[in-house]
Amino acid sequence: MNSADSSNAAAAGIVGVVFLVYFVILIAIVAFMIWVYWRIFTKAGYNGALALLNLVPGVGPLICVCILGFGRWPIEDALAAAQGHSPGPGYAPPLPVNPQ
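Numbers 81 to 180, taken from the working numbering, label the letters of the sequence shown in order.
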């Protein structure tokens, strides 16, 4: 084995380690993003498993943002019911009480 072969093997080893470190960091970032979205979906009243949509390549995070941004959160319906309003968009405010 000559010096060119050993330097090529060393370079291949370095490249392999760099890709391994990159892959581990990428997995950590994706896991953190899923954990954050899981918490957001849970606090909004949705099933936390919707955070797994982030695993869909390309459009997963966009779908999650659209659900959170444009969807009616179940927690809003629960809050409206707790305040005595009928849930749903466009509910009528309570009528004023006229003392007689």
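All C-beta atoms in this analysis are idealised placements derived from N, C-alpha and C, irrespective of residue type, glycine included. Note that the structure is a prediction, hence the values are computed from the model and not measured.
Checklist entry - Curious, which full-length alpha helix (DSSP H) runs of at least 4 residues does the stretch 110–153 contain? => result If we require 4 residues or more, the alpha helix (DSSP H) runs fully inside the stretch 110–153 come out as 140–150.
Checklist entry - Hey, ALA124 and CYS144 are a contact pair by Cβ (cut 8 Å); roughly how many whole angstroms apart? => result The residue given as residue 124 occupies position 44 in the sequence shown. The residue given as residue 144 occupies position 64 in the sequence shown. That belief does not hold up - the Cβ atoms of ALA124 and CYS144 are roughly 11 Å apart, past 8 Å.
Item to check | GLY164, DSSP secondary structure in three states | outcome: The residue you call residue 164 lines up with position 84 of the sequence shown. GLY164 sits in coil when the DSSP states are folded into three classes, being neither helix nor strand.
Checklist entry - Should PHE112 be labelled buried (16 or more other beta-carbon atoms within 10 Å of its own) or exposed? => result Counting from one through the sequence shown, the residue named residue 112 turns up at place 32. Exposed is the call here.
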